[in-house]
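Protein sequence lines correspond, in order, to chains A, B and C.
Residue numbering for the first sequence follows numbering that gives the first Met the number 0, beginning at 0 and increasing consecutively.
Residue numbering for the second sequence follows numbering that gives the first Met the number 0, beginning at 0 and increasing consecutively.
Residue numbering for the third sequence follows numbering that gives the first Met the number 0, beginning at 0 and increasing consecutively.
Virtual Cβ for every residue (Gly too), placed ideally from N, Cα, C.
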Amino acid sequence: MIEKEKLVKVVGADNVIYEPAVLGEYAKDMSFINTVRPDCVVKPRSTDDIVKLVKLSRETLTPLVPVSSGPPHFKGDTVPAAGGAVIVDLSDMKKIIRVDRLNRVAMFEPGVTFGELIPTVTKEKLRLNMPLMPRKTKSVTASMLEREPVVLPIYHWDLPDPLNCVEIIFGTGDMFRTGAAAGPGSLEEQWAAGGAQVTPAGPSSASWYRMIGGSQGTMGIVCWSSARCELLPRVEEPYFVGSKDLDKLMEMVHWLIRLRMPNECFILNRTNLATMMSKNYVKQYREIHDSLPPWILFYNLAGYDYYPEERVKVHEEDARGIAQRAQVEAARSAGRISAFEFLKAAQAPSAEPYWKLRASGACQDIAFITNLQNVEVLLDVMYDAASQAGYPVPYMGTYIQPLVQGANYHVEFNLFYDSNNRREVRLVRNLTNDVIDPLIANGAFFSRPYGETARYILNKDVATVEMLKRVKTIFDPDNVMNPGKLCF
Amino acid sequence: MALEDCRYDMETCRRCSICKFMPLEKVSSVDRINVCPSISRYEFHSYCGGGRMVMGTALLENRLDYTDKLLEVVYNCQMCGACDTSCKYSMDMEVMGPINEIRISCVENGRTNPALDKVINLLRKQGTMVPGTRSKRGDWVDGMNLKDCAKEKVDVVYHVGCLTSYNKDMWNQAKTIARLLQDAGVNFGIAGNNETCCGGRAYQMGYKEDFLNQARKNMDMIKKSGAKMLVTGCADGYQAFKVLYDQHGFKGDLEVLHITEYLARLIKESKLTPRKKVDTVVTYHDPCHLGRKGEPWIHWEGKEVIDEIRTLDPPREYRRGTYGVYEPPRDVLRSIPGLKLVEMDRIKEYAWCCGAGGGVNESNPEFSMWTAIERINEAELTGASAIATACPWCVKNFKEAVSRKGSNLKVYDIIELLEKAI
Amino acid sequence: MVLNKNFYKGLVDILGPEYVSDDPVITETYAYPIRQGIPVPARFEAITLPDSTEEVQAIVKLCNQYKVQYKASSTGWLYSDPAGPNCIKIDLRRMNRILEINEKSMYAVVEPYVIGAQLQAECMKRGLNCNLTGAGGNCSALPLAAHVNLGHLSQSGSYGERNQLALEWVTGDGEIVRLGSLGMLDEWFCGDGPGPSLRGIIRGDTTPLGGLGVYTKAAQKLFHWPGPTTFPMEGVSPKYTPAYIPDGFLVRYFSFKDLDAMIEAVLKIGESEIATELMCFNPAMMAANLATKNVEEEIEIYNRFNSEVLGPGFMTLIAANSRGDFEYKKKVLQTIVDETGGKPLEEVEDPENQGGYIWRYFRETGSIKETGRTLAPQAGMVGGTDAFPLMSYFIKSCSRVKERLIKEGALLDNGTAPFIQSTEHGHLAHGEVLAQASMRLKGDKLREMQRSINMGSNEISIKGHFGMPQHVWGDPLHDMYGPHTSNYHLWLRKVKKTFDPNGASESSTYITAKE
């Protein structure tokens with residue numbers, strides 16, 4: 000345990016919190032993870048603060064749990080797994096350090112949310128490749144470190160995109176900068192030379208940022224990150240394609256992305272689309288839902304600086320050809336929703352209340368990556384399992400996001416439920432656990448396992464676990480960083 | 000030229016591995032892109048063109064000696080020239096030259112392969128590279144009334160070649176060629192029992208002196224005959240007369256044609272018109288010594304200019320396989336009514352070797368057959384019912400391979416197919 | 000050095016006598032052929048030719064047991080020689096299979112000895128393309144086995160560090176790890192996870208070059224190919240020409256008055272996403288690509304090109320997906336070129352030459368000519384991968400070193416125009432200054448020039464804050480750069496120590512775990 004005085008000395012008295020009510024908020028989240036109360040919450044202000052905190056934690060072997068986003072949390076990674084933990088809450092570190100139009104990159108601290116970053120990059124005529132309607136309190140850095148799926152698949156060259164570089168304090172207490180940020184030179188010196196902390200790989204023959212992403216804070220604490228930005232389009236023409244046949248939409252998605260046409264591009268079932276567009280769920284959901292086809296592909300064609308209308312026109316024509324071959328038809332609306340209206344919503348964080356909580360107040364996500372050929376099979380597996388468990392399938396949200404320029408697909412099931420209803424809680428929890436094996440057997444790759452099933456999933460790949468443990472010994476030999484998470 | 004003269008080329012090798020593969024621009028599949036039988040069979044880099052370049056340098060540096068292993072690597076190479084052609088897509092360096100010089104240096108150092116020594120002894124005694132006696136060399140004539148160019152003046156010498164002369168199964172090719180030349184009114188002659196081996200194979204094997212002796216003998220006879228042209232049906236012989244003799248200063252103005260070149264000319268001039276239908280699907284195998292190695296020799300005399308960069312004055316043109324004999328045999332085949340020509344994956348300048356050359360046929364029949372069977376496999380994939388070629392060594396090797404494999408593929412010399420159509 | 004006979008017997012037991020040899024004839028011929036200006040390297044003690052991951056693993060474990068080092072390579076063009084004795088070669092030649100091409104998921108899985116030309120040919124049959132490493136289609140198609148794996152397609156097809164999906168890795172101490180979805184599902188579509196991505200260990204901007212175990216199978220992303228299933232090349236080597244230029248294809252070369260104008264053009268082209276390939280070749284490289292006769296012809300073409308260009312320039316290749324797409328991209332290209340004052344090199348777009356250039360750039364057949372033909376010892380300065388403007392300024396600085404050395408007579412004067420390539424539509428870039436030693440230089444003078452170039456490049460990178468160049472390998476350079484670069488070298492040593500505890504992977508081109 001770290002003495003209070005020492006923590007106060009590092010971050011100041013206002014930033015060390017022992018109030019039980021506050022601690023209670025960090026002791027659990029919306030997942031089914033065990034409740035474990037932290038010892039305290041500290042709010043660092045700078046890299047220097049974080050370095051000192053990690054050093055203190057090593058001296059006393061006190062677990063540190065980094066948190067960047069505001070509540071509610073959903074995945075269990077921000078809840079301590081060990082007693083006596085200190086929550087390192089970075090959500091007040093909100094500096095947007097730099098936005099560089101020439102090099103299409105932004106750099107910011109971990110507390111910066113999408114809502115805060117978007118206006119700043121927009122001023123520079125840039126935009127982020129962001130997840131679909133993240134919650135208002137979601138940290139951009141956290142989202143990238145979690146490898147959350149993003150909505151612009153043709154700009155998603157690699158799974159960790161749009162993450163470029165980070166500055167991290169490893170569990171050893173050492174500060175390290177990844178990618179181009181490492182140097183040579185300080186950040187200021189690099190900027191003076193024309194650098195912009197763009198390249199994520201390296202330095203040298205390791206891509207350190209990859210071992211930090213997906214680690215759920217078990218390697219260290221990130222002090223800032225830089226993210227690749229894309230251009231803000233001058234012209235946008237969004238479309239919906241509705242169908243009862245998902246395979247036709249998948250075919251169209253494959254070709255749209257393969258030919259590098261769309262900006263935003265993903266598939267939702269009507270449950271999700273209706274939920275997202277129902278600010279007043281009770282009043283609006285049913286009507287919107289019933290107006291929609293079972294599956295809706297959304298894509299947006301954009302033009303930039305040079306002849307934007309022509310670019311869009313060319314893509315519209317080519318997309319029409321693709322739609323014809325896939326035997327579907329694009330339209331400007333789906334049911335009661337106009338594509339433009341949805342585009343606006345999809346380019347921003349979720350309006351309040353957070354869309355995943357609108358239906359019943361809670362949501363358990365089951366998400367994995369797979370390839371195009373497995374998507375429909377996995378949907379069947381999930382729906383069968385849900386039916387058997389008693390979860391009404393029409394009530395479940397489904398989101399299919401092409402990733403990595405179409406090399407793989409994020410599939411996400413959103414199980415809406417009432418967390419005050421014990422039966423529903425039990426049902427959803429059991430379903431979440433029970434469906435893992437059949438999903439894996441049919442090609443679901445849980446690239447980002449969370450919560451109480453994480454260890455179970457990881458242990459299916461013994462060799463990887465062995466190697467991850469070796470990695471851990473390098474960056475956090477004393478296992479002070481979020482111990483008990485993943486396989487650590 | 001000696002091995003030392005090849006040092007510059009050998010040290011120019013970049014180890015890029017392109018000598019193992021067909022020219023990259025022509026790769027159209029994952030399969031059948033290897034062009035070097037030697038490394039394809041034995042896998043170690045030592046066996047490819049690039050490996051042999053390092054071997055040559057190492058011999059010069061006394062880092063290697065003429066051990067049994069060295070000889071094994073040296074002689075397990077058909078001297079097919081594919082590495083040379085592939086390398087020279089990009090590079091200005093000789094590959095076959097140094098490889099041949101390594102062999103010559105082996106012979107000069109008395110480090111030879113006994114099987115090849117046996118062949119050379121026969122050459123020295125009987126003037127042939129295949130079992131046979133001088134007195135039987137002309138037996139194939141068998142009643143045909145042909146001029147003897149060793150005794151009479153002729154315009155054209157028809158050089159039959161060792162294998163065709165002594166292999167009864169091939170006599171028909173020789174007779175057909177003779178008949179075709181007669182029908183075309185060509186004033187040609189054959190040497191019959193006085194014909195002696197071109198020496199090309201001896202050179203490939205590294206027996207340079209024996210080759211030179213053969214060259215002298217042949218050119219003496221040709222000069223005496225007054226012939227200005229030599230025609231042959233053997234690719235080895237073609238390459239020997241056309242290229243090696245020119246390289247070593249023997250050829251002079253002698254025009255050398257492969258029979259397919261001559262026949263293609265006749266067909267083009269409508270002096271020969273195949274009329275009978277030959278309904279068959281055929282794939283054509285480019286013999287190494289007619290194709291890429293059959294490109295005319297380019298004489299160059301000049302000097303190296305070492306400035307910032309090494310240039311040659313005058314600039315040197317390299318033999319890159321571009322001007323080998325590829326189309327005339329195909330033209331002959333295409334002229335045959337009913338015959339459909341389909342191509343294998345490895346053709347023309349990047350054709351896979353039949354396996355017989357470089358002394359491998361004699362020193363390592365198993366490797367020779369392995370190479371030939373690879374080619375037969377490739378031919379079968381085309382759907383052809385026959386493989387045709389323009390060299391008796393290729394024919395022999397393919398026939399053996401087909402028999403060994405139990406394949407239904409027929410093997411023809413182009414002359415045989417043409418004969419059916421006339 | 001003679002290998003322990005039990006160790007050698009162990010190798011024979013694993014591979015069979017046919018696929019292992021310690022005969023000096025075999026080991027000697029694996030040596031680097033070039034002798035001029037290069038110290039004589041060590042020789043491998045034995046060469047092994049495994050056929051499978053299991054055989055590789057067995058060899059690696061045996062090496063660990065007997066404390067013999069190993070170095071694996073595919074075609075082994077460069078950086079695959081041992082630094083000292085007691086090292087064997089793992090020649091992956093027999094591991095040459097394409098295991099899968101998944102058209103819908105657009106990935107291919109290869110073993111290390113599949114070469115780029117093979118993979119591309121198979122992809123093209125399926126309407127797909129792959130990024131080939133810039134050194135040429137004769138190099139490994141497995142991104143980790145082909146150095147950095149930046150290539151001509153990188154503008155639209157990125158590079159090895161980014162294109163990697165799942166892979167199979169034999170660690171330095173002989174464990175088989177299957178990264179990503181391969182480990183859990185036996186599928187290749189994802190290389191990251193579960194949890195932190197081990198892809199981070201196995202390479203960065205540069206690869207371990209044989210210093211961290213062996214990569215035995217890997218999947219990589221593929222890209223759309225709008226062209227024919229086989230490119231219609233006719234003719235006989237080296238005079239290949241296409242029978243026609245496929246619809247929607249063009250190649251152009253533009254030069255600019257200065258680097259800033261070129262940078263502007265490149266960034267605009269990147270942002271408009273119109274180029275399939277964009278490579279800032281200089282006139283010397285363009286000339287080398289075209290010449291087929293001899294170096295004198297190449298010099299003639301170079302002189303001609305050089306007299307026509309304004310300054311630095313680039314080749315760009317468009318392969319459009321439809322007629323409308325083609326017209327749009329052409330229009331945008333012309334507009335940008337007009338705005339930035341670009342001047343076309345007309346000989347490139349001459350119908351006589353254009354088709355050949357297009358195919359040679361896609362198939363990357365020119366690299367050997369560009370780097371090896373002029374028969375002089377190579378020297379050069381190599382940047383890293385970073386923002387395009389930064390890389391351009393770095394290379395511009397390096398060009399001054401080249402300029403000075405040309406004036407001193409140490410280098411061939413083939414201009415100081417940089418070579419820079421744009422990656423991911425201008426988000427990233429890589430730059431190099433290629434140079435050839437003057438043939439007049441010998442012995443100490445030659446070594447002095449090489450030192451001068453290397454040190455010049457290091458000084459510029461470090462003092463100029465231009466990022467980590469890709470030539471940084473080996474302990475001395477890591478020790479030089481590390482303190483300026485987040486002490487990465489200390490972490491990299493820990494990686495080496497952790498995943499190759501016995502130091503069995505020969506790591507002269509990686510890093511050692513020295514304290």
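Contact check, residue i vs residue j, beta carbons under 8 Å
i             : j             : result
residue 2/C   : residue 21/C  : yes
residue 230/A : residue 270/C : yes
residue 283/B : residue 336/B : no
residue 158/B : residue 69/B  : no
residue 332/A : residue 487/C : no
residue 276/A : residue 336/A : yes
residue 191/C : residue 384/C : no
residue 196/C : residue 44/A  : no
residue 202/C : residue 143/C : yes
residue 70/C  : residue 505/C : yes
residue 387/C : residue 437/C : no
8 Å Cβ cut-off: residues of chain D touching residue i
i             : result
residue 473/A : Among the protein chains in the structure shown, which are A, B and C, there is no chain D.
Euclidean distance between Cα positions of residue i and residue j
i             : j             : result
residue 54/C  : residue 234/A : 57 Å
residue 249/A : residue 256/A : 11 Å
residue 369/A : residue 189/C : 8 Å
residue 264/A : residue 156/C : 20 Å
residue 52/B  : residue 5/C   : 32 Å
residue 272/B : residue 371/B : 33 Å
residue 391/C : residue 310/C : 14 Å
residue 377/A : residue 391/A : 17 Å
residue 294/A : residue 381/A : 16 Å
residue 295/B : residue 251/C : 37 Å
residue 20/A  : residue 168/A : 29 Å
Per-residue contacts from residue i into chain B (C-beta, under 8 Å)
i            : result
residue 21/C : Neighbours of residue 21/C on chain B: none; closest Cβ ~11 Å, over 8 Å.
Listed by chain order, chain A residues near residue i by CB distance under 7 Å
i             : result
residue 103/C : 253, 371, 372
residue 320/C : 258, 317
residue 324/C : 313, 317
Cross-chain neighbours of residue i in chain A, by beta carbon under 8 Å
i             : result
residue 188/C : 368, 369, 370, 406, 407, 444
residue 109/C : Ordered by position in chain A, no residue passes the 8 Å Cβ test against residue 109/C, which lies about 15 Å from the chain.
Got a sec: which bits of the region 298-318 of chain A sit with their beta carbon under 9 Å from any beta carbon on chain C, in order along the chain?
Within the region 298-318 of chain A, the qualifying residues are 303, 304, 305, 306, 309, 310, 312, 313, 314, 316, 317.
Closer than 7 Å, Cβ to any Cβ of chain C: which residues of the region 11-34 of chain B, in chain order?
Cβ contacts with chain C come from 11, 12, 13, 14, 15, 16, 17, 20, 22, 23, 24, 25, 26, 27, 28, 29, 32.
Please go through the region 400-463 of chain C and give each complete beta strand (DSSP E) segment of 3 or more residues, from N-terminal end onward.
Runs of the beta strand (DSSP E) inside the region 400-463 of chain C: 418-422, 427-435.
Selection of the region 115-139 of chain C by Cβ proximity to chain A, strictly under 8 Å
Flagged: no residues at all.
Could you name the residues of the region 334-354 of chain B whose beta carbon sits closer than 8 Å to any beta carbon of chain C, in the order they occur along the chain?
Within the region 334-354 of chain B, the qualifying residues are 347, 348, 349.
Within 7 Å of chain C by C-beta, residues of the region 35-47 of chain B in sequence order:
Closer than 7 Å at the C-beta level to chain C, one finds these residues of the region 35-47 of chain B: 42, 43, 44, 45.
If you scan the region 280-354 of chain C from start to end, which runs of the beta strand (DSSP E) of 3 or more residues do you find wholly inside it?
Taking 3 residues as the minimum length, the beta strand (DSSP E) runs contained wholly in the region 280-354 of chain C are 312-318, in order along the chain.
Note down, in chain order, all residues in the region 315-326 of chain B with a beta-carbon under 9 Å from any beta-carbon belonging to chain C.
Listed by position, the residues of the region 315-326 of chain B near chain C (Cβ gap below 9 Å) are 315, 316, 317, 319, 320, 321, 322, 323, 325.
Give the residues from the region 354-366 of chain B that approach chain C closer than 8 Å (Cβ to any Cβ), ordered along the chain.
Answer set for the region 354-366 of chain B: empty.
Mind checking the region 146-159 of chain A against chain C and listing, in chain order, the residues whose C-beta falls within less than 8 Å of any C-beta there?
Result list: 146, 156, 157, 158, 159.
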